[in-house]
């Protein structure tokens, strides 16, 4: 007599976290973050640190109020994205750690503001999938933070002669005074270090003035 054991399932290579009152999951297999709907959260709660057979998961979801068809679809979807994996699947062994290298920094992105004068609904900052901004989080970068960042870039740039700063947001020109002050500071600091700083920025261009255009 041969006994066939049903494979058991466990959580995949994931990280669960909450932000702004909602649940999210980071899927290492996709390198992406997804919002957790009620069904996916139920499966993750069922598994926790234990393993369950397919039938056990379906049964538990049915007891929780899901139809059998919905429960099976949910499990199938989570398997497809490797949110859950069976014990039959062996994860690829991790590559041996590479020795640390002294790799000089080339560029730095300064998120000078998370505010925008347009707030388009399709934007990652303001749409349905907007980035959660905790209460009390500053809306504009301070000059002190920016200068510290520039110093870090120059210190970490090693023998690179032309480091680069990208201004990002939100709408960067809503914090133009900071942008201008950073450029002046970074130019002087780079020259003192025998380097030449270069720049780029992301903007919707609606706040451009003759003064700003001349500076840019």
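In the working numbering, the protein residues as written are 4 to 219.
In this text, a Cβ means the ideal position worked out from N, Cα and C, and glycines have one as well.
The stretch 202 to 215 makes no contact with the stretch 142 to 159; the number of CB pairs closer than 8 Å stays below 3. Residue 171 is positioned such that its CB atom lies no closer than 7 Å to that of residue 88. Taking residue 10 as reference, the option from 60, 30, 26 with the minimal CA-CA separation is 60. Contact between residue 205 and residue 175 holds, with the beta-carbon distance rounding to 6 Å and staying under 8 Å.
Residue 115 and residue 173 have their alpha carbons spaced roughly 8 Å apart. Counting only unbroken stretches of 4 or more residues, the alpha helix (DSSP H) elements lying wholly within the stretch 40 to 79 are 41 to 50, 57 to 66, in sequence order. Three or more Cβ pairs drawn from the stretch 67 to 80 and the stretch 41 to 48 lie within less than 8 Å of each other, which places the two stretches in contact. The three-state secondary structure of residue 146, taken from DSSP, is helix.
In terms of Cβ geometry, residue 200 and residue 166 form a close pair [threshold 7 Å].
Between residue 213 and residue 107, the alpha-carbon positions lie close to 37 Å from each other. Taking the CA atoms as reference points, residue 72 sits about 60 Å from residue 216. Where residue 190 is concerned, the enclosing alpha helix (DSSP H) starts and stops at 179 to 195.
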